[in-house]
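Visitor: Residues -12 to 277, numbered by the working numbering, are exactly what the sequence shown covers, in order.
Glycine included, C-beta positions come from ideal geometry on N, C-alpha and C.
Predicted model, so just to flag it, every value in this text is computed and none were measured.
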Amino acid sequence: MREGTVVKAYGGHYYVSSGEEIHDCALRGRFRREKKQVLVGDRVSFRLQPRGQGVIEEVHPRRTTLVRPPVANVDRALIVFAVKDPDPNTLLLDRFLTQAEHAGVGPAICFNKVDLGEELIRDMIEAYRQAGYPVVCTSALDDSGLDELRALLEGHITVLAGPSGVGKSSLLNALVPGLNLKTGEISRKLGRGRHTTRHVELLRLPGGGLVADTPGFSSLYLPEMKREELGEFYPEFVARRDGCRFTGCLHFQEPDCAVKKAVEEGEIPAFRYENYLRLLQEVMELERRY
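Below is the structure:
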């Protein structure tokens, strides 16, 4: 019996990466009888048949399961924004960070196109680093920061997230030799057509690790949560919550709030707190609706 990771599933074939090889596998009949779905990203045990094709015998327990894209065991979300063209939107970035952490996926931030001027957003970069997020600055144009990015993704199953035009396709081309995605192709590959079937594939990174060839998460929604939970997705808030007078402080209208004090004293950037308040209003609106 061997073990590996499903990197592609298509037409009843499951391609399992094990060591340096990829094996074409089928499912045991009981998977269909039990209607048990096998996802790209699943860790599986399989047995090779005499003719070389494998048979998946067991699916190991999943750490995480994403719906968009449908991938199991993702443990890193690389959230990509450009320093310019388009300018970074921190509210959208904080939304992505919240989505990733709510799904149990560790986020990392990539500011791409630093060849256009990293100094334009130096304070923003420092703010997210101070909050505790891994941050890497790259340029797919001149290859700067790519070694650091490879090290960040090594050993992980990663999905990319971020708005269009920030260079996700260019970064994947730089990370995966011979991929040759056209600019913007990642977004088009979502397959929004009514009769289009989307097949997710995990691409093997030369230094180790796998990355999905389609973006993760949606910028259009916040996951369902209680208003008290939102602050849990702001690491710099979590570090100070014990200083608040009230347990379960929303850091909104309560007196003696350690988070609001940190904002006033410049320890937490005002834009992070303002983004939090906007997302909090959204969560409260959804609570009232349901």
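Within 10 angstroms of the Cβ of Leu217, are there 16 or more other Cβ atoms? Answer buried if so, exposed if not.
Guide: In the sequence shown, residue 217 corresponds to position 230, counting from 1. With 16 or more other Cβ atoms within 10 Å, it is buried.
Visitor: Would you say Gly203 and Ala59 are within 9 Å of each other, going by their C-beta atoms?
Guide: By one-based count along the sequence shown, residue 203 stands at place 216. By one-based count along the sequence shown, residue 59 stands at place 72. For Gly203 and Ala59, no; Cβs fall outside 9 Å.
Visitor: Can you say whether Gly223 is buried or exposed, counting buried as having 16 or more other CB atoms within 10 angstroms of its CB?
Guide: Position 236 of the sequence shown holds residue 223. Note on identity: in this sequence residue 223 is Glu, with Gly being the wrong assignment. It counts as buried.
Visitor: Within the continuous beta strand (DSSP E) that includes Pro56, where are the two ends?
Guide: For the purposes of this step, residue 56 is identified with residue 69 of the sequence shown, where counting begins at 1. Taken as a continuous stretch (DSSP letters only), Pro56 belongs to no beta strand (DSSP E), as it is neither H nor E.
Visitor: Between the alpha carbons of Leu133 and Asp243, how many angstroms are there, rounded?
Guide: On the sequence shown, residue 133 is found 146 positions in, with the first residue counted as 1. On the sequence shown, residue 243 is found 256 positions in, with the first residue counted as 1. Distance between the alpha carbons of Leu133 and Asp243: 44 Å.
Visitor: Can you find the residues in the same chain that come closer than 8 Å, C-beta to C-beta, to Arg214, ignoring five residues on each side of it along the sequence?
Guide: Looking up residue 214 in the sequence shown gives position 227. Excluding sequence neighbours, Arg214 sits near Leu237, Leu267, Val270, Met271, Glu274.
Visitor: Look up Thr234 in the DSSP assignment and say whether it is helix, strand or coil.
Guide: Residue mapping note: residue 234 aligns to position 247 of the sequence shown, counting from 1. DSSP places Thr234 in coil when its eight states are reduced to three.
Visitor: Taking the DSSP output, what are the residues bridged to Pro202?
Guide: In the sequence shown, counting from the first residue as 1, residue 202 sits at position 215. Its beta-bridge partners do not exist; DSSP assigns none.
Visitor: Compute the Euclidean distance between the alpha carbons of Val187 and Ile108, then round it to the nearest angstrom.
Guide: Position 200 of the sequence shown holds residue 187. Position 121 of the sequence shown holds residue 108. Approximately 33 Å between the Cα atoms of the pair.
Visitor: Using only the alpha-carbon positions, how far apart do Val42 and Arg15 sit?
Guide: Within the sequence shown, the letter at position 55 stands for residue 42. Within the sequence shown, the letter at position 28 stands for residue 15. Straight-line Cα distance between these residues: approximately 6 Å.
Visitor: Note down, one range per segment and in chain order, each alpha helix (DSSP H) of at least 4 residues found wholly within the segment 114 to 161.
Guide: 133 to 140
Visitor: Applying the criterion that 16 or more other CB atoms from any shown protein chain within 10 Å of the CB defines a buried residue, is Val54 buried or exposed?
Guide: Locating residue 54 in the sequence shown gives position 67, where the first residue counts as 1. Result: exposed.
Visitor: In whole angstroms, what separates the C-alpha of Lys22 from that of Gln86?
Guide: Along the sequence shown, one-based indexing puts residue 22 at 35. Along the sequence shown, one-based indexing puts residue 86 at 99. The straight-line gap from Cα to Cα measures roughly 29 Å.
Visitor: Contact defined as beta carbons within less than 8 Å: I believe Val153 pairs with Val67. What is the distance between those atoms, to the nearest angstrom?
Guide: The residue labelled residue 153 in the question sits at position 166 within the sequence shown. The residue labelled residue 67 in the question sits at position 80 within the sequence shown. Correct: roughly 5 Å between the Cβ atoms.
Visitor: In angstroms, rounded to a whole number, what distance separates the CA positions of Asp72 and Leu79?
Guide: Here residue 72 is taken as the residue at index 85 of the sequence shown, counted from 1. Here residue 79 is taken as the residue at index 92 of the sequence shown, counted from 1. Approximately 15 Å, taken between the alpha carbons.
Visitor: What separation, rounded to the nearest whole angstrom, lies between the Cα atoms of Glu141 and Leu158?
Guide: In the sequence shown, residue 141 corresponds to position 154, counting from 1. In the sequence shown, residue 158 corresponds to position 171, counting from 1. Going by the C-alpha atoms only, they are around 15 Å apart.
Visitor: With Leu139 and Ala69 assumed to form a contact (beta carbons below 8 Å), what rounded beta-carbon distance in angstroms separates them?
Guide: Numbered from 1 along the sequence shown, position 152 holds the residue referred to as residue 139. Numbered from 1 along the sequence shown, position 82 holds the residue referred to as residue 69. About 18 Å separates the two Cβ atoms, so there is no contact after all.
Visitor: Could you name the residues of the same chain whose beta carbon sits closer than 6 Å to that of Leu136, not counting the 5 residues immediately before and after it, in chain order?
Guide: Here residue 136 refers to the residue found at position 149 when the sequence shown is read from its first residue. Around Leu136: Val123, Thr125.
Visitor: How is Pro363 classed by DSSP in three states: helix, strand or coil?
Guide: Nothing in the structure corresponds to residue 363, since the chain is present only between -12 and 277.
Visitor: I need the DSSP call for Pro242, collapsed to helix, strand or coil.
Guide: The sequence position of residue 242 within the sequence shown is 255, counting from 1. The answer is coil: DSSP assigns Pro242 none of H, G, I, E or B.
Visitor: Here's the rule I'm using: 16 or more other beta-carbon atoms within 10 Å means buried, otherwise exposed. How should Thr184 be labelled?
Guide: The count along the sequence shown starts at 1 and reaches residue 184 at position 197. For Thr184, the predicted structure reports a pLDDT of 37, less than 50, and the residue's modelled location is therefore unreliable. A value from the coordinates is still provided. Classification of Thr184: exposed, given that the 10 Å Cβ count is below 16.
Visitor: So, is Asn167 buried or exposed, given that buried needs 16 or more other C-beta atoms within 10 angstroms?
Guide: If you number the sequence shown from 1, residue 167 lands on position 180. That one is exposed.
Visitor: When you compare each of Cys97, Arg20, Glu105 to Pro121 by their alpha carbons, which one comes out closest?
Guide: As a working note, residue 121 is residue 134 in the sequence shown. Nearest C-alpha to Pro121: Cys97.
Visitor: Taking the straight line between their C-alpha atoms, what separation do you get for Tyr2 and Val31?
Guide: For the purposes of this step, residue 2 is taken as residue 15 along the sequence shown, with counting starting at 1. For the purposes of this step, residue 31 is taken as residue 44 along the sequence shown, with counting starting at 1. Approximately 11 Å between the Cα atoms of the pair.
Visitor: For the alpha helix (DSSP H) holding Pro222, just list the boundary residues, first then last.
Guide: Mapped onto the sequence shown, residue 222 falls at position 235. Unbroken alpha helix (DSSP H) run through Pro222: 222 to 225.
Visitor: Can you name the start and end residues of the beta strand (DSSP E) that Val281 belongs to?
Guide: The question about residue 281 has no answer here: the residues shown for the chain are numbered -12 through 277.
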